[in-house]
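Participant: Position 309 (the sequence shown) corresponds to 309 in full-length UniProt numbering; numbering is contiguous. For reference, the structure I am asking about is given below.
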Amino acid sequence: MMFWLLGPKLVLILEQFLFSFDAAEELKEAIAKKNHKLVYLYNPNLVDEIWKGSRPMPPNKPIRIHELKYAGVDVASKLSFLRSELLDTCSSAIIVSMLDEIAWLLNLRGGDVPHSPVMYAYLIVEVDGAKLFVDNSKVTPEVLNHLKNAGVELKPYDTILSEIESLAAKGAELWFDTSSVNAAIVNTYKSACDRHFEIHASDRKGKLHNGSNDQSWGPSGVYRASPISLAKAVKNSAELEGMHNSHLRDAAALAEFWVWLEEEIDKDVKLTEVDAADKLLEFRSKQAGFIDTSFDTISGSGANGAIIHYKPEPESCSVVDPKKLFLLDSGAQYVDGTTDITRTVHFGEPTAREKECFTRVLQGHIALDQAVFPENTPGFVLDAFARSSLWKIGLDYRHGTGHGVGAALNVHEGPQSISFRFGNMTPLQKGMIVSNEPGYYEDHAFGIRIENLLCVKQVDTPNRYGGIEYLGFEKLTYFPIQTKLVDLSLLSVAEVDWLNNYHAQVWEKVSPLLDGSAREWLWNNTRPLVKQ
């Protein structure tokens with residue numbers, strides 16, 4: 001926040017539902033240091049009052065069941081796991097507000113958030129019950145029966161605060177992950193606990209006066225990270241199978257797209273970055289189980305490729321220039337998996353500078369793909385693998401190397417990551433999915449990124465120092481990397497072998513899904529390279 005824009009001793013009003021408790025407290029502390037005051041917004045919500053007449057209706061897409069053949073674990077088993085966590089922490093219930101955690105836990109998917117198959121909801125899981133707070137109009141009879149069989153009660157979405165107050169009044173110790181649960185919920189609980197303390201204060205004084213050893217001072221809450229995040233991040237065999245299958249169908253759609261794009265470029269058809277993104281969506285939407293894109297497609301020609309989170313708009317986007325690098329970062333949501341892939345290509349003759357930068361990015365991609373590391377290794381330890389080749393000539397990139405990916409869920413998920421930011425100490429674990437996406441960006445000129453998704457797996461090593469397991473990666477993404485951009489003189493024999501072996505696997509896995517020109521294109525783009 002630009003505190004220097006504020007006058008002295010101002011009062012700022014905060015809408016509590018829009019900030020996590022941790023973020024609100026951090027903001028409150030920062031404002032206090034500047035001699036300002038933060039006031040939480042209570043009913044009536046002033047923004048809602050002003051917006052009342054023109055506010056669009058909230059999303060109302062029906063919730064669907066995420067089938068067990070894709071989820072791998074039933075709701076009862078997931079709730080049982082969570083309840084064991086409650087008992088271990090002496091918690092009465094946990095408040096779940098992360099939408100992907102709710103979707104994963106209940107084996108449900110929604111359509112309230114673009115690109116993410118989640119629904120707006122809150123969930124309270126108690127030792128002996130569970131309540132889902134959601135708009136009932138989204139709940140189909142099948143979903144209602146699904147929840148009933150799992151012992152989950154439906155409650156109106158806007159009754160969450162009254163339920164929190166009721167639980168606090170009963171002395172419930174509620175578990176909050178304050179990094180995600182909003183300030184309104186946590187502050188409601190804290191206020192209700194204070195009232196509980198005041199109401200029962202005289203009773204406690206009487207008991208102590210009569211010699212009672214009752215030292216119960218009422219609920220105060222349990223504040224720690226949600227156990228659901230890590231459980232969700234470690235995929236089971238059914239989730240991994242779905243991710244593998246969806247990636248192969250996605251690769252088939254991509255092959256059809258690249259054939260079309262190259263043919264149009266060869267015919268000198270002027271296509272915009274938006275035209276390319278729209279056509280890719282058209283090819284993907286024909287694949288079985290397609291639901292949506294997993295994020296806004298980054299379709300960047302030339303200098304636009306250097307804008308890391310570029311989103312082309314019809315009014316301002318560029319024409320795809322055959323004389324410049326073209327970066328395409330895209331993904332899809334399928335019923336059985338989530339994809340995210342980036343490829344950088346040149347339709348003409350790349351410069352020596354472009355080839356060197358591309359090759360060094362490729363070397364980093366290969367190094368991370370082949371990394372072997374001991375268990376309990378956090379992701380930031382591996383980040384240098386992907387940057388080393390660029391560092392050797394004084395280059396780098398200003399983003400993380402890898403993010404977690406959900407299984408038919410959010411394309412970005414935690415807690416794991418691979419990044420130069422070493423604050424995240426979450427160890428990579430077998431079954432986690434991460435992206436491998438080193439890049440290089442030359443302002444006003446070009447951008448390069450090569451991205452595959454990887455799954456952490458156990459690796460058999462000739463030694464097991466310390467008696468621990470060693471881990472590595474298994475590929476989920478199988479799609480050609482343009483060899484025209486590779487400077488073979490920079491690659492070692494082992495790196496050339498990696499690329500050739502990868503392309504052989506791409507052909508083996510994807511070609512059965514293709515025919516005609518797309519199959520021919522795949523063949524031409526997976527031919528082995530020979531290092532002289």
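Even for Gly, the Cβ is constructed at its ideal location relative to N, Cα and C.
In angstroms with no decimal places, state the Cα-to-Cα distance between H506 and N524.
Facilitator: Looking up residue 506 in the sequence shown gives position 506. Looking up residue 524 in the sequence shown gives position 524. According to the sequence displayed, residue 506 carries Val and not His. Each residue's alpha carbon lies about 12 Å from the other.
Participant: Can you tell me where the alpha helix (DSSP H) holding N524 begins and where it ends?
Facilitator: Along the sequence shown, read from residue 1 onward, the residue named residue 524 stands at position 524. Segment G516 to N524, the alpha helix (DSSP H) holding N524.
Participant: Roughly how far, in whole angstroms, is the beta-carbon of T359 from the beta-carbon of L499, given that I think they are within contact range, below 8 Å?
Facilitator: Within the sequence shown, the letter at position 359 stands for residue 359. Within the sequence shown, the letter at position 499 stands for residue 499. With 8 Å as the limit, T359 and L499 do not qualify as a contact, their Cβ atoms being about 10 Å apart.
Participant: Unbroken beta strand (DSSP E) runs of length 3 or more, entirely within the stretch 19-64: which are they?
Facilitator: Counting whole runs of 3 or more residues, the stretch 19-64 contains the beta strand (DSSP E) stretches 37-41.
Participant: On the DSSP bridge list, what partners appear for A352?
Facilitator: The residue labelled residue 352 in the question sits at position 352 within the sequence shown. A352 is not bridged to any residue.
Participant: Excluding five sequence neighbours on each side, which residues of the same chain lie with their C-beta closer than 6 Å to the C-beta of D329?
Facilitator: Within the sequence shown, residue 329 is the residue found at index 329, counting from 1. I298 and T342, listed in sequence order.
Participant: From P438, G404 and L14, pick the residue whose C-alpha is nearest to that of L395; which is it?
Facilitator: On the sequence shown, residue 395 is found 395 positions in, with the first residue counted as 1. For the residues P438, G404 and L14, the minimum Cα distance to L395 belongs to P438.
Participant: To the nearest angstrom, report how far apart L106 and M425 are at their CA atoms.
Facilitator: Taking the sequence shown and counting its residues from 1, the one referred to as residue 106 is at position 106. Taking the sequence shown and counting its residues from 1, the one referred to as residue 425 is at position 425. Their backbone Cα atoms lie some 28 Å apart in a straight line.
Participant: Among the residues of its own chain, which have a CB less than 6 Å from the CB of P350, if the five just before and after it don't count?
Facilitator: Against the sequence shown, residue 350 aligns to sequence position 350. Taken in chain order, the residues that qualify are L485.
Participant: Return the chain-ordered list of same chain residues with a C-beta closer than 6 Å to the C-beta of residue 557, the five sequence neighbours on each side being excluded.
Facilitator: This structure cannot speak to residue 557, because the chain is shown only from 1 to 532.
Participant: State the DSSP-derived secondary structure class of Q416, mapped to helix, strand or coil.
Facilitator: Start at 1 with the first residue of the sequence shown, and residue 416 comes out as number 416. Three-state DSSP puts Q416 in a strand.
Participant: Quick check on DSSP: helix, strand or coil for A296?
Facilitator: On the sequence shown, position 296 is the one that residue 296 refers to. Going by the sequence as given, residue 296 is Asp instead of Ala. DSSP places D296 in coil when its eight states are reduced to three.
Participant: Would you tell me roughly how many angstroms separate the C-alpha atoms of K323 and S316, rounded to the nearest one?
Facilitator: Taking the first residue of the sequence shown as 1, we reach residue 323 at position 323. Taking the first residue of the sequence shown as 1, we reach residue 316 at position 316. Each residue's Cα considered, the two are about 20 Å apart.
Participant: Give the secondary structure of A371 by DSSP, where H, G and I count as helix, E and B as strand, and everything else as coil.
Facilitator: Numbered from its first residue, the sequence shown carries residue 371 at position 371. The answer is coil: DSSP assigns A371 none of H, G, I, E or B.
Participant: Helix or strand or just coil, what does DSSP make of N424?
Facilitator: Within the sequence shown, numbered from 1, the residue matching residue 424 stands at position 424. Correct three-state label for N424: coil.
Participant: Alpha carbon to alpha carbon, what distance is there between A504 and A252?
Facilitator: In the sequence shown, residue 252 corresponds to position 252, counting from 1. In the sequence shown, residue 504 corresponds to position 504, counting from 1. Cα to Cα, A252 sits roughly 15 Å from A504.
Participant: With DSSP run on the structure shown, which of helix, strand or coil describes C193?
Facilitator: By one-based count along the sequence shown, residue 193 stands at place 193. Helix.
Participant: In chain order, what residues of the same chain lie with their CB nearer than 8 Å to the CB of S20, ignoring the 5 residues before and after it?
Facilitator: Taking the first residue of the sequence shown as 1, we reach residue 20 at position 20. The residues are T178, S179, S180, V181, N182 and A183.
Participant: Grab the span of the beta strand (DSSP E) containing L154 for me, first residue to last.
Facilitator: As a first step, residue 154 must be located in the sequence shown, where it is residue number 154. Looking at the DSSP string, the run of the beta strand (DSSP E) that includes L154 is V152 to K155.
Participant: Would DSSP call L399 helix, strand or coil?
Facilitator: The residue labelled residue 399 in the question sits at position 399 within the sequence shown. Rather than Leu, the amino acid found at residue 399 in this sequence is His. H399 falls in the coil class under three-state DSSP.
Participant: Mind listing, in chain order, the continuous beta strand (DSSP E) runs of no fewer than 3 residues lying wholly within the stretch 439-502?
Facilitator: 439-442, 446-449, 452-459 and 470-475
Participant: Report the rounded CA-to-CA distance for S212 versus S91, giving the unit in angstroms.
Facilitator: As a first step, residue 212 is located in the sequence shown; it is residue number 212 there, counting from the start. As a first step, residue 91 is located in the sequence shown; it is residue number 91 there, counting from the start. Only weak support exists for where S212 lies, its pLDDT of 42 falling under 50; the coordinates are left without a value.
Participant: According to DSSP, simplified to helix, strand and coil, what is L123?
Facilitator: As a working note, residue 123 is residue 123 in the sequence shown. Here L123 sits in strand by DSSP.
Participant: Can you give me the Cβ contacts of Q215 inside the same chain, cut-off strictly under 7 Å, excluding the 5 residues immediately before and after it?
Facilitator: Taking the sequence shown and counting its residues from 1, one reaches residue 215 at position 215. Low local confidence applies: a pLDDT of 41 at Q215 is under 50, so the model's placement there is unreliable, with the coordinate-based value given in what follows. Excluding sequence neighbours, Q215 sits near nothing in its chain.
Participant: I'd like to know whether the C-beta atoms of G72 and E198 end up nearer to each other than 8 Å.
Facilitator: For the purposes of this step, residue 72 is taken as the residue at position 72 of the sequence shown. For the purposes of this step, residue 198 is taken as the residue at position 198 of the sequence shown. No; because the gap between Cβ atoms is not below 8 Å, this pair is not in contact.
Participant: Would you identify the three-state DSSP class for L12, choosing helix, strand or coil?
Facilitator: As a first step, residue 12 must be located in the sequence shown, where it is residue number 12. L12: strand per DSSP, three-state reduction.
Participant: Please report the residue range of the alpha helix (DSSP H) in which G242 lies.
Facilitator: For the purposes of this step, residue 242 is taken as the residue at position 242 of the sequence shown. Where G242 is concerned, the enclosing alpha helix (DSSP H) stretches over S237 to D266.
Participant: Please say whether Y70 and D266 have beta carbons closer to each other than 8 Å?
Facilitator: Taking the first residue of the sequence shown as position 1, residue 266 is located at position 266. Taking the first residue of the sequence shown as position 1, residue 70 is located at position 70. No, the pair does not count as a contact, with Cβ atoms beyond the cut-off.
Participant: From which residue to which residue does the alpha helix (DSSP H) around R224 run?
Facilitator: In the sequence shown, the residue the question calls residue 224 occupies position 224. First-last for R224: undefined, no H or E at that position.
Participant: Taking the C-alpha atoms as reference points, what is the distance between D515 and L87?
Facilitator: As a first step, residue 515 is located in the sequence shown; it is residue number 515 there, counting from the start. As a first step, residue 87 is located in the sequence shown; it is residue number 87 there, counting from the start. Distance between the alpha carbons of D515 and L87 is about 56 Å.
Participant: Return the chain-ordered list of same chain residues with a C-beta closer than 6 Å to the C-beta of G379, the five sequence neighbours on each side being excluded.
Facilitator: Translated into positions along the sequence shown, residue 379 becomes position 379. Here the set comprises Q416, S417, I418 and L428.
Participant: So the beta strand (DSSP E) N436 belongs to, where does it begin and stop?
Facilitator: Taking the first residue of the sequence shown as position 1, residue 436 is located at position 436. Where N436 is concerned, the enclosing beta strand (DSSP E) starts and stops at I433 to N436.
Participant: Answer yes if the stretch 450-467 comes into contact with the stretch 304-318, meaning at least three C-beta pairs across the two stretches below 8 Å, and no otherwise.
Facilitator: no
Participant: Go ahead and pull the three-state DSSP assignment for F290.
Facilitator: To locate residue 290, count along the sequence shown from 1; it is residue 290. Note: F290 maps to strand in three-state DSSP.
Participant: Assuming L161 and I124 are in contact, meaning their beta carbons sit under 8 Å apart, how far apart are those beta carbons, in whole angstroms?
Facilitator: What you label residue 161 is simply residue 161 of the sequence shown in a count that begins at 1. What you label residue 124 is simply residue 124 of the sequence shown in a count that begins at 1. Their Cβ separation, rounded to whole angstroms, is 12 Å, which puts L161 and I124 out of contact at 8 Å.
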